[in-house]
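Heads up: the sequence shown runs through residues 1 to 376, numbered per full-length UniProt numbering. These notes are about the structure you will find just below.
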Amino acid sequence: MSVVCQVIEPEGALPAALVERLDAAAARSASSGRADETLLDELGQVGLFGIAVPAAYGGFGGDATLVNHVVSQVARVNPSAAIMLFQHYAVSARIVEWGDAAQRARLLPALAKGDLLAASGWSEPGVGAAKKRLNTTAVQLPDGSWRLNGAKSFTTSAGVAGLYLILARTSDSEDEPSSGYGSMGQTFFLVPADDEGLRPDQSLDLVGMRGSATGFVSLHDCVVGDEDRLGPLGEATRIIAGVRRTGATLGAVSLGIASALLDLAVAQVHRRPQPPDAATRFRLVDLATLVEATRAVIDRSGRRDAADPGLATLHSKLFASETAEQVGVEVARLLGSGGYVVTNRINRLMADARAVAHMGPTNDLCRELVSAAWLG
C-alpha cells in the first residue's frame, strides 16, 4: 500500500518507517537550524507532494479535508516539514484554481512528483501582517515581460524551493478597505528559483520551526514573462480571499503539534512507578478534550459546509494555534523539571507551536478579519 493510500484510510497514519525518519530529521534540524533536503526528497518520492494536485496532472486530487489530515499527521512528528508541505499545497492549489492551461501543464506534474517544491513570498519587512503597502514592485517592460524588485521576509522554504509565488505591487491603485488582506494593484508572479535576480538568505536563526528553511528572499531585477503572472493583473486580493474559502488551514499544523504534546504527557505518566492520581488523570482528559475539539474545528474547515467557509477557516487557525500553546504549557507542568532540559522534545514542540501563531494570517489578523465580517 502506498504512503498516500495508507494515510487516507479511516484513522490512517503515516508508516512507522517514515515516522522514524521524520522524527530523526526534526532532531537534526533543531540542532542545525537547517532543512533536511534528503527528507524532502523522500516526501516527494512517496507521493506526499502531490496531494493537492489533480490526478490528471499526476497528483492525488485531494480536497481540503485530506490536505489538513496529511499536514496534521506530518506535524505530529515534524512540524517544520508539515509547514513546508502546507505552503507547497497552497501554491499548487492556487495554480490549479487560477493558472491557465499552459501554466498547469508546465508546473503541476513537477509539483506533484516532488521534482519542484513551491514556496510563497508574501511577507515583507515593515509592511505588516495585512500586506497592504508592498515595497516589492513589478514593472512591465516593452516586450510584455515583468521586472521584479524588492525583498520578502519570513519565507518558508527559502533557498530550498524551486518555485516562488511572489506578491508584488503592479500599480498604485487606491487600497480597498474591505479586502482586509492585501490591496488593489497587487499581482502574483511565479518566479523560478534559478532566476539570476532571486537571492535567498537563510541567515534567520529561528526559535521554532528550525527545519522549515524560513528566511529572506530578495529580488534584484528578476525578469519573468507575462506567462508567469498568476491570475488577473492587479487583483491578487481575489486570490487571497479565495485561499481562506478552500478550507485548508494552518490550524492542521497546530493540531499535529497539540496531539504530539498530549502523547508526550501520556507517555510520561505511564513511565511513573505509581499510578496517576485523580487530578493528573483529569488534567489529561481535559487536554485530550481540547485536542478533540481542535480536530473537530479543523474537520469543519475542511468540509467547507459552514455558512461562511472563509470564517470557519480563520476560526480554525486561531483556535488550533492557541490550543497548541495552551496544551504545551499544561504538559510542561505535568513533566516538571524533567521537561526543562534542552533535549526534551517538549521544548521543540512548544517553540513550533508559538511559530504558527505568527504565520499568515497571524492570530491577531484572524481576529481582525473575523470581527470585520461581523462589525464592518
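From the three backbone atoms N, C-alpha and C, an ideal C-beta is built for every residue, glycine too.
Put simply, of 183, 87, 231, 123 the residue whose alpha carbon is nearest the alpha carbon of residue 100 is 231. DSSP places residue 110 within a helical segment (H, G or I) once states are collapsed to three. Per DSSP, the unbroken beta strand (DSSP E) holding residue 155 starts and ends at 146-155.
CA-to-CA, the gap between residue 256 and residue 125 works out to about 29 Å. The segment 211-220 makes no contact with the segment 256-267: fewer than 3 CB pairs, one atom from each, lie closer than 8 Å. Here residue 309 carries a helix assignment [DSSP, helix/strand/coil]. Three or more beta-carbon pairs separated by less than 8 Å link the segment 104-123 to the segment 152-160, which places the two stretches in contact.
Residue pairing for residue 369: DSSP places it in no beta bridge.
Note on geometry: alpha-carbon atoms of residue 284 and residue 165 lie some 42 Å from one another.
In the three-state reduction of the DSSP assignment, residue 216 falls in the strand class. For residue 121, the uninterrupted beta strand (DSSP E) segment begins and ends at 118-121. For residue 191, the enclosing beta strand (DSSP E) begins and ends at 186-192.
Here residue 142 carries a coil assignment [DSSP, helix/strand/coil]. Residue 200 carries a strand assignment under DSSP once its states are collapsed to helix, strand and coil. Around the Cβ of residue 340, a 10 Å sphere holds fewer than 16 other Cβ atoms; the residue is exposed. The continuous beta strand (DSSP E) containing residue 169 extends over residues 163-169.
Here residue 230 carries a strand assignment [DSSP, helix/strand/coil]. About 6 Å separates the Cβ atoms of residue 319 and residue 294, confirming a contact at the 8 Å cut-off. Residue 375 counts as exposed, since fewer than 16 other C-beta atoms from the protein chains shown sit within 10 angstroms of its C-beta.
Residue 50 and residue 114 have their C-alpha atoms roughly 7 Å apart.
Residue 350: member of the alpha helix (DSSP H) spanning 345-358, first to last residue. Counting along the chain, residue 13 sits inside no alpha helix (DSSP H), nor does DSSP assign it H or E at all.
As the crow flies, the alpha-carbon of residue 76 is around 22 Å from that of residue 91.
Of the residues assessed, residue 356 falls on the buried side of the cut-off, its CB having 16 or more other CB atoms within 10 angstroms. Measuring C-alpha to C-alpha distances from residue 40 to each of 334, 162, 302, 353 identifies 162 as the nearest. Inclusion of residue 348 and residue 26 in the CB contact set at 8 Å is warranted, their separation being smaller than that value. In the structure shown, the three-state DSSP call for residue 224 is strand. Distance from the CA atom of residue 54 to the CA atom of residue 346, rounded to whole angstroms, is 37 Å.
Counting C-beta atoms within 10 angstroms of its own C-beta, residue 274 has fewer than 16 neighbours from the protein chains shown and is therefore classed as exposed. Secondary structure of residue 124 (DSSP, three-state): coil. Comparing C-alpha distances from residue 239 to each of 96, 139, 48, 136 shows the shortest one belongs to 96. Apart from sequence neighbours up to five positions away, the residues of its chain that approach residue 312 with a beta-carbon distance below 7 Å are 300, 301, 306, ordered along the chain. With respect to residue 169, residue 137 sits close: the two C-beta atoms are nearer than 8 Å. Our two residues, residue 47 and residue 20, have alpha carbons roughly 18 Å apart in a direct line. The beta carbon of residue 23 sits closer than 6 Å to those of 77, all from its chain and outside the five residues before and after it, given in chain order.
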